[in-house]
C-alpha cells in the first residue's frame with residue numbers, strides 16, 4: 014500500500030456528485046496494491062497519524078507535532094495509479110493495483126479505521142471509483158511517501 018501524504022492548508026475533492034473538503038491537515042492519496050492486506054492498511058494509518066509534519070508557535074517546536082496534536086483534518090483520495098508499471102512506448106499498466114471491487118472495500122475500511130483511530134468528523138473522503146477533481150494547497154510544500162512494503166522509505 015502506498016500513501017502520498019501532503020501537509021495542506023486546505024484541500025478538496027469533487028466527483029460522483031459529492032464534494033469533500035478540509036482545512037489544515039493532511040491530504041492522503043492512497044494506492045491499494047493487489048496483494049495488500051488489512052495489516053498494510055494498519056501500518057499506513059499508524060505512520061500517518063504519527064508523522065511530525067507540523068510546527069508549533071516557535072522555532073523550537075518545528076517538526077514536533079502530528080495531525081492529532083494540531084486537531085487537523087484528513088482527506089482520503091483513492092489513487093490506483095500509484096501502483097502503475099511503465100512499459101515501452103509510454104504505455105502504462107495498472108495490473109499491480111487491487112481490482113475495483115476489493116479495492117472499494119479496502120478503501121472503505123481505510124475511512125472507517127482513520128475515523129475510529131482519530132475522530133470521525135475530521136476524516137473526509139472521495140467517492141470511490143469516480144472521476145475526480147482534486148484541489149490541494151500544499152503547505153510548505155511538505156510531502157511524504159509511505160509504502161507498507163518499504164518501511165524504511167523509498
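Numbering (our numbering), first residue to last: 14 to 167.
Cβ coordinates follow ideal geometry from the N, Cα and C atoms, glycine included.
Asked, Found
"Per DSSP, what are the beta-bridge partners of residue 24 in this structure?", "35, 149"
"DSSP on residue 97, reduced to helix/strand/coil?", "coil"
"Are residue 90 and residue 18 close, meaning C-beta to C-beta below 8 Å?", "no"
"Among 46, 39, 62, which one has its Cα closest to the Cα of residue 114?", "46"
"What separation, rounded to the nearest whole angstrom, lies between the Cα atoms of residue 84 and residue 64?", "13 Å"
"CB residue 149 to CB residue 16, shorter than 8 Å?", "no"
"Taking just the CA atoms, how far does residue 108 sit from residue 152?", "33 Å"
"Determine contact between the region 131-147 and the region 24-37, defined as no fewer than three beta-carbon pairs at a distance below 8 Å.", "yes"
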